[in-house]
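Have a look at the structure below, then the notes.
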Amino acid sequence: MPSFLKPNLLAMRGYTPGEQPQVGEVIKLNTNENPYPPSPQVIEAIKAALTGDRLRKYPDPLGLRFRETAGRVLGVPPECILIGNGSDEVLTLITRAIVPEGGLVAAPMPSYLLYRTLAEQQGARCAEFPFRNWRVHPEDVPAGAHLTFIPNPNSPTGTWMDPNALLEWPTPLVIDEAYVDFTAGHALSLLQKSERILITRTLSKSYSLAGMRFGFALGRADVIEQLYKLKDSYNCDVLSQAAATAAMEDQAYMRARVQQILATRDRMERELAALGFQLLPSQANFVWCQRHDRSVQPIYQFLKERGILVRYMNYAGYGEGLRISVGLEEHIDRLFEELRRLV
Ligand SMILES: Cc1ncc(COP(=O)(O)O)c(C=O)c1O
Numbered sequence: 180m181p182s183f184l185k186p187n188l189l190a191m192r193g194y195t196p197g198e199q200p201q202v203g204e205v206i207k208l209n210t211n212e213n214p215y216p217p218s219p220q221v222i223e224a225i226k227a228a229l230t231g232d233r234l235r236k237y238p239d240p241l242g243l244r245f246r247e248t249a250g251r252v253l254g255v256p257p258e259c260i261l262i263g264n265g266s267d268e269v270l271t272l273i274t275r276a277i278v279p280e281g282g283l284v285a286a287p288m289p290s291y292l293l294y295r296t297l298a299e300q301q302g303a304r305c306a307e308f309p310f311r312n313w314r315v316h317p318e319d320v321p322a323g324a325h326l327t328f329i330p331n332p333n334s335p336t337g338t339w340m341d342p343n344a345l346l347e348w349p350t351p352l353v354i355d356e357a358y359v360d361f362t363a364g365h366a367l368s369l370l371q372k373s374e375r376i377l378i379t380r381t382l383s384k385s386y387s388l389a390g391m392r393f394g395f396a397l398g399r400a401d402v403i404e405q406l407y408k409l410k411d412s413y414n415c416d417v418l419s420q421a422a423a424t425a426a427m428e429d430q431a432y433m434r435a436r437v438q439q440i441l442a443t444r445d446r447m448e449r450e451l452a453a454l455g456f457q458l459l460p461s462q463a464n465f466v467w468c469q470r471h472d473r474s475v476q477p478i479y480q481f482l483k484e485r486g487i488l489v490r491y492m493n494y495a496g497y498g499e500g501l502r503i504s505v506g507l508e509e510h511i512d513r514l515f516e517e518l519r520r521l522v
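Residue numbers for the sequence shown follow my numbering, so the first one is 180 and each next one is one higher.
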């Protein structure tokens with residue numbers, strides 16, 4: 180091992196994202212992408228950004244057009260918005276801003292596995308605490324934590340909790356709202372009540388722009404101003420800013436696609452339950468299913484061999500399950516065709 184590298188880097192495992200096959204025909208239900216294309220207005224905005232000399236010049240480092248649009252749509256001042264290359268980058272920036280080397284990050288278990296990686300990249304530790312009744316409880320947070328991440332809705336379970344319960348959280352808190360458009364509530368009103376709360380959002384899920392890489396954080400203006408010092412000046416390119424702004428503008432398109440996804444999710448939940456899977460009620464664009472009578476890993480493998488990719492996850496101390504993204508109706512037909520063969 181190259182000994183000149185930092186010990187925390189050498190010691191960490193690194194994050195393994197869901198498989199992204201680059202060749203072959205695959206029904207991809209493993210990384211919660213939106214099965215529908217982005218708004219036609221997004222395509223128009225990208226084409227417009229390709230004309231003239233936009234690509235020759237650097238992008239707006241502050242993302243002002245996006246921030247004004249998102250601010251208007253969400254009812255938040257633009258100064259309260261930080262732009263990022265996917266919400267993963269925004270989560271990285273927040274970790275760097277808050278967690279000291281040797282510090283402690285807290286996250287519920289099971290949840291998004293990236294939080295541990297972010298802690299380890301920072302030379303900090305990650306301590307997990309359990310959900311109880313699919314809620315988090317402040318008394319469960321490990322003592323000495325510098326930052327807590329809470330995805331709401333949660334991944335992989337799809338469960339959602341009332342964010343008002345998070346107002347008195349004992350540490351600075353990131354509410355990761357990657358899946359918020361698939362549920363009824365959100366935490367935006369908490370921003371005025373606590374300077375220690377940040378919310379992260381993404382264009383990857385409800386807006387169908389996972390390939391563009393655009394996410395953002397919302398927080399108090401004075402906190403966001405400080406976070407801007409940490410980011411790469413040009414972290415969001417011209418095309419992603421144009422696409423994200425147009426996607427935000429077209430709320431009607433996003434809402435219509437979300438309704439289709441929710442209808443398919445209901446169908447998936449009904450049919451999976453009928454096949455003997457145990458489910459949690461999902462508030463996201465995926466379902467989490469488990470079985471008490473057998474391991475689900477062979478089911479994952481069986482589907483994969485037939486060109487259907489779902490996400491198999493196994494959490495020490497909690498157990499294993501399959502996280503299946505909501506897909507196009509015809510892809511879900513294929514999924515159930517194969518599942519009925521097996522179980
Ligand atoms: C809970 C959660 N947060 C954040 C992300 C990252 O989203 P982005 O594509 O914006 O980096 C994901 C992606 O799967 C996620 O599940």
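Note that the Cβ used here is the ideal one computed from N, Cα and C, for glycine as well.
query, result
"Say the cut is 7 Å; is the CB of S419 nearer than that to a heavy atom of ligand 1?", "no"
"Rank Y479, P309 and F245 by C-alpha distance to the C-alpha of A495 and give the top, closest one.", "P309"
"Around the Cβ of E332, are there at least 16 other Cβ atoms within 10 angstroms (buried) or fewer (exposed)?", "For the record, residue 332 in the displayed sequence is Pro; it is not Glu. Per the 10 Å Cβ criterion, buried."
"Could you pull the start and end residues of the beta strand (DSSP E) that Y494 belongs to?", "I487 to Y494"
"Quick one: is the Cβ of S504 within less than 7 Å of any heavy atom of ligand 1?", "no"
"Only counting the same chain, and skipping five residues up and downstream in sequence, which positions put a Cβ closer than 6 Å to that of G506?", "L208 and P214"
"State whether the stretch 351-359 contacts the stretch 318-337, with contact taken as three or more CB pairs (one from each stretch) at a distance under 8 Å.", "yes"
"I need the DSSP call for G263, collapsed to helix, strand or coil.", "strand"
"Exposed or buried, which one is R449 when buried takes at least 16 other CB atoms within 10 Å?", "exposed"
"Within the present structure, is the beta-carbon of P330 separated from the nearest heavy atom of ligand 1 by less than 7 Å?", "yes"
"Distance check for S461 and P257, CA to CA, integer angstroms please.", "31 Å"
"So which of T274, P279, V489 and R251 has the shortest CA-CA distance to L293?", "T274"
"Consider the C-beta atom of T210 and the heavy atoms of ligand 1; say whether any pair is separated by less than 7 Å.", "yes"
"Under 7 Å Cβ to Cβ from R399, same chain only, skipping five residues before and after it: list those, please.", "C259, L370 and E374"
"From the DSSP output, read off the bridge partner residues of G394.", "G263 and T381"
"With DSSP as the reference, please indicate the residues paired to D355 in a beta bridge.", "P330 and T379"
"Please list, in chain order, all residues of the same chain as G193 whose beta carbon is under 7 Å from its beta carbon, the five residues on each side excluded.", "T296"
"Can you find at least 3 beta carbon pairs, one from the stretch 267-284 and one from the stretch 437-455, that sit closer than 8 Å?", "no"
"What is the rounded straight-line gap between the Cα of L459 and the Cα of Q480?", "22 Å"
"What residue does the alpha helix (DSSP H) around E447 start on, and which one ends it?", "Strictly speaking, residue 447 in this sequence is Met, with Glu absent from that position. It spans Q430 to A453 - the alpha helix (DSSP H) in which M447 sits, taken as one unbroken run."
"Identify the residues that DSSP records as bridge partners of R304: which are they?", "L283"
"In the DSSP assignment, what residue or residues form a beta bridge with K207?", "L488"
"Does the distance from the C-beta atom of A425 to that of F393 stay below 8 Å?", "no"
"Using 8 Å as the threshold, is the C-beta distance between P342 and G364 below it?", "yes"
"Assign E299 to one of two classes, buried (16 or more other C-beta atoms within 10 Å of its C-beta) or exposed (fewer than that).", "buried"
"With DSSP run on the structure shown, which of helix, strand or coil describes V466?", "strand"
"Going by DSSP, what residue range makes up the beta strand (DSSP E) through E499?", "G498 to S504"
"My assumption, with CB atoms under 8 Å, is that F395 sits in contact with L261. Please give the rounded CB distance.", "6 Å"
"Checking the sheet assignment: what are the DSSP bridge partners for R311?", "R314"
"Go to H510, then tell me how far its alpha helix (DSSP H) extends in each direction, as first and last residue.", "E508 to L521"
"Any heavy atom of ligand 1 closer than 7 Å to the beta-carbon of A366?", "no"
"With DSSP as the reference, label Q201 as helix, strand or coil.", "coil"
"Considering only their Cβ atoms, is the gap separating N414 from G263 smaller than 8 Å?", "yes"
"Are the beta-carbon atoms of T350 and V315 separated by less than 8 Å?", "no"
"Could you check if Y215 belongs to the surroundings of ligand 1, using beta carbon to heavy atom distance under 7 Å?", "no"
"Can Q420 and P219 be called in contact, C-beta distance under 8 Å?", "no"
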